[in-house]
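Chain order of the listed sequences is G and L. Residues 8 to 261 (my numbering) are what the first sequence spells out, left to right. Residues 299 to 395 (my numbering) are what the second sequence spells out, left to right. Below you'll find the structure, written out as structure tokens, and then a few comments.
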Amino acid sequence: MILAVLAIGLLAGVLGAILGLGGGVVVVPALEFVLPYFGHPVTITQAVAVSQIGVLAVGLAGTAGYLRQGLIRARTGYLLSPYTILGGVVGSWLGLRLPAKVVATVFAVLLLYSAYNLLRGLKRVEVEREPSRLVPPAMTFSGIMSGLLGIGGGTVQVPVMNLLGGIPIRQAIATSTFIMGLTAVANALVYSASGQLDYVIAAAVALGVLVGARSGTVLAARISAQNLKLFFSLLLIFTALQLLYKYWVTTGAI
Amino acid sequence: MTDKPKNIPFTPGTSETAGLPSWLFPAGFWVAVVALALALLVPRLALWAVGWVMLVPVLAALWVALAALKTDRRLSVAALVALAGLAVVFFVKGLLA
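As structure tokens, this is what we get:
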């Protein structure tokens, strides 16, 4: 089982490095669908709890790389992180209390939105602009999503920092990766206090993510990102439909 | 810097990509790889390995808060604010869970 979990982490790390989208969108559904085959079923809350450590690993590996390139805006990151931490705590609190069906549905919507963004390509701004006053509430919202769903928040955070914050796209991605580490620490604290965090599974996912993220940067040069985007988008749509089927159609799953 | 609006706290400054110790995250990465690999062999170490992964961003914020105290007060305060947020979560986590 641990090898399967390690492989899930590896996949999340590699896809994260190549497409900028890995972490929670891979780890949460994969754990939910794969672990029952090993006689270790997990609830979506437990999968989200483990994913917080996977997100931390993405943040650690990504920050190490982006620091070398001088792309991280430390001050902006630290000043915005209280908003994402606050949102993350609210999201984690909701994640522990909302019915699994609700969390799974929000997750499925996020997967469909991510697939749409992958296929369409994110709107982006390359020129520095003055930040909008909507950035703090938008960052809090991204924190809520990260706490509730176990995602890094990059899906929401990067567009917010780029389009509303006026930060050029590469710095927005790097700073978002940096912030997600701090947010995930807060989220993981809440989930671990609730007893939902399985440390052994979390360690395997995190190790897979760290190694996968490192290898992903090498693989990125050899793999056609376009084909991978199409394949991964279809996989996200399939996963979203399967999640909806499991929680809305299958009886006794809730 | 002076022409930036003062009422928006996250207004980027010119030197703000500096400040984070360049060695801390790569070192944290490799220690984490070793600790997590050990945790797979000895599962009772998993808590400590995961704890280390959680500690790296906290250590970085602490380092920045102290190191930038005299050279870049805004960066130092920003890191302290982030740490304060985490400290609050740490102390009230039992109530939230």
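Note that beta-carbon positions come from the ideal geometry of N, C-alpha and C, so glycine has one too.
Candidates the options, of which the one nearest residue i by Cα
{"i": "Gly98 of chain G", "options": "G:Ser58, G:Leu63, G:Ile151, G:Leu125", "result": "G:Ile151"}
{"i": "Leu117 of chain G", "options": "G:Leu237, G:Val33, G:Ile230, G:Ile9", "result": "G:Val33"}
{"i": "Ile15 of chain G", "options": "G:Ala115, G:Leu86, G:Val35", "result": "G:Val35"}
{"i": "Gly46 of chain G", "options": "G:Val96, G:Leu26, G:Leu17, G:Met8", "result": "G:Met8"}
{"i": "Thr147 of chain G", "options": "G:Ala54, G:Ile186, G:Phe238", "result": "G:Ile186"}
{"i": "Gly392 of chain L", "options": "G:Gly202, G:Ala71, G:Leu17, G:Leu242", "result": "G:Gly202"}
{"i": "Gly157 of chain G", "options": "G:Thr182, G:Gly30, G:Gly23, G:Leu18", "result": "G:Gly30"}
{"i": "Leu353 of chain L", "options": "G:Thr190, G:Thr257, G:Tyr252, G:Ala11", "result": "G:Thr190"}
{"i": "Leu381 of chain L", "options": "L:Val331, L:Leu345, L:Leu357", "result": "L:Leu357"}
{"i": "Gly128 of chain G", "options": "G:Thr162, G:Val113, G:Val96, G:Val12", "result": "G:Thr162"}
{"i": "Ser88 of chain G", "options": "G:Pro48, G:Ser222, G:Arg229, G:Ser153", "result": "G:Ser153"}
{"i": "Trp350 of chain L", "options": "G:Arg221, G:Leu248, G:Ile176, G:Val192", "result": "G:Val192"}
{"i": "Trp321 of chain L", "options": "G:Ile208, G:Gly77, G:Gly219", "result": "G:Gly77"}
{"i": "Val96 of chain G", "options": "G:Ser199, G:Phe238, G:Ala209", "result": "G:Ser199"}
{"i": "Leu263 of chain G", "options": "G:Ala209, G:Gly159, G:Leu242", "result": "Nothing can be reported for residue 263 of chain G: it is not among the residues displayed for chain G, which extend from 8 to 261."}
{"i": "Val378 of chain L", "options": "L:Ala363, L:Thr369, L:Arg371, L:Lys368", "result": "Reading off the sequence shown, one finds Leu at residue 378 of chain L, where the question assumed Val. Leu378 of chain L has its Cα closest to that of L:Ala363, out of L:Ala363, L:Thr369, L:Arg371, L:Lys368."}
{"i": "Gly219 of chain G", "options": "L:Phe327, L:Ala376, L:Leu360", "result": "L:Phe327"}
{"i": "Val167 of chain G", "options": "G:Glu137, G:Leu155, G:Leu196", "result": "G:Glu137"}
{"i": "Val348 of chain L", "options": "L:Ala330, L:Trp361, L:Val375", "result": "L:Ala330"}
{"i": "Val37 of chain G", "options": "G:Phe114, G:Gly94, G:Leu155", "result": "Residue identity differs from the one stated: residue 37 of chain G is Ala in this sequence, not Val. Among G:Phe114, G:Gly94, G:Leu155, the Cα nearest to that of Ala37 of chain G belongs to G:Phe114."}
{"i": "Ala19 of chain G", "options": "G:Leu155, G:Leu101, G:Gly61, G:Val197", "result": "G:Gly61"}
Buried or exposed (CB count within 10 angstroms, at least 16 for buried), residue i
{"i": "Phe389 of chain L", "result": "exposed"}
{"i": "Asn194 of chain G", "result": "buried"}
{"i": "Ile92 of chain G", "result": "buried"}
{"i": "Asn234 of chain G", "result": "exposed"}
{"i": "Ala385 of chain L", "result": "exposed"}
{"i": "Glu39 of chain G", "result": "buried"}
{"i": "Tyr123 of chain G", "result": "exposed"}
{"i": "Arg80 of chain G", "result": "buried"}
{"i": "Gly69 of chain G", "result": "buried"}
{"i": "Val165 of chain G", "result": "buried"}
{"i": "Thr246 of chain G", "result": "buried"}
{"i": "Gln59 of chain G", "result": "buried"}
{"i": "Leu103 of chain G", "result": "buried"}
{"i": "Thr230 of chain G", "result": "Thr is not the amino acid found at residue 230 of chain G; the sequence shown has Ile there. It is exposed - the Cβ of Ile230 of chain G has fewer than 16 other Cβ atoms within 10 Å."}
Cut-off 8 Å between Cβ atoms - residues of its own chain near residue i, not counting five sequence neighbours on either side
{"i": "Glu67 of chain G", "result": "It is Leu, not Glu, that sits at residue 67 of chain G in the sequence shown. Contacts found: Gly188, Leu217."}
{"i": "Trp346 of chain L", "result": "Ala333, Ala337"}
{"i": "Ala111 of chain G", "result": "Ile51, Leu250, Leu251, Lys253, Tyr254"}
{"i": "Leu343 of chain L", "result": "Ala333, Leu336, Ala337"}
Close beta carbons around residue i, own chain, < 6 Å, minus the five adjacent residues each side
{"i": "Leu141 of chain G", "result": "Leu171"}
{"i": "Ala125 of chain G", "result": "Correcting the residue type first, residue 125 of chain G is Leu in the shown sequence and not Ala. For Leu125 of chain G, where only same-chain residues beyond five positions count, the Cβ hits under 6 Å are Lys236, Ser240."}
{"i": "Phe308 of chain L", "result": "Confidence at Phe308 of chain L is low in this model, with a pLDDT of 48, below 50, so the placement of that residue is unreliable and no value is reported for it."}
{"i": "Pro43 of chain G", "result": "none"}
{"i": "Ala264 of chain G", "result": "Any question about residue 264 of chain G goes unanswered here, given that chain G covers just 8 to 261."}
{"i": "Ala211 of chain G", "result": "Ile9, Val12, Leu13"}
{"i": "Gly84 of chain G", "result": "Thr182, Phe185, Ile186"}
{"i": "Asp301 of chain L", "result": "Low confidence applies to Asp301 of chain L: its pLDDT is 48, below 50, so where it sits in the model is not reliable, and the reading given next is rough at best. The answer is none, since no qualifying residue turns up."}
Cβ neighbours of residue i in the same chain (closer than 7 Å, five flanking residues each side left out)
{"i": "Asp205 of chain G", "result": "Gln53, Val57"}
{"i": "Leu226 of chain G", "result": "Val21, Ile25"}
{"i": "Tyr90 of chain G", "result": "Pro143, Met146, Thr147, Gly150"}
{"i": "Thr50 of chain G", "result": "Ala107"}
{"i": "Ser222 of chain G", "result": "Val21"}
Distance cut-off 7 Å: residue i Cβ against heavy atoms of the ligand NAD
{"i": "Ser222 of chain G", "result": "The ligand NAD is not part of this structure, which contains no ligands at all."}
Quiz prompt | Contact list for the segment 368 to 386 of chain L against chain G, Cβ threshold 7 Å | solution = Residues Arg372, Leu373, Ala376, Ala377, Val379, Ala380, Gly383, Leu384.
Quiz prompt | Short-range partners of chain G found in the segment 331 to 345 of chain L, where Cβ spacing is below 7 Å | solution = Of all residues in the segment 331 to 345 of chain L, Val331, Leu334, Ala335, Ala337, Leu338, Pro341, Ala344, Leu345 have a Cβ within less than 7 Å of some Cβ in chain G.
Quiz item: If you measure beta-carbon to beta-carbon, which residues of the segment 98 to 122 of chain G are closer than 8 Å to chain L?
Solution: For the segment 98 to 122 of chain G, residues whose beta-carbon sits nearer than 8 Å to a beta-carbon of chain L comprise Ser99, Trp100, Leu103.
Quiz item: For the segment 183 to 196 of chain G, which residues have a CB atom closer than 7 Å to at least one CB atom of chain L, in sequence order?
Solution: Taking 7 Å as the cut-off between beta carbons, the residues of the segment 183 to 196 of chain G near chain L are Gly188, Leu189, Val192, Ala193, Ala195, Leu196, in sequence order.
Practice problem: Taking a Cβ distance cut-off of 8 Å, strictly less, list which residues of the segment 62 to 79 of chain G are near chain L, in chain order. | Solution: The residues in question are Leu63, Ala64, Gly66, Leu67, Ala68, Thr70, Ala71, Leu74, Arg75, Gly77, Leu78, Ile79.
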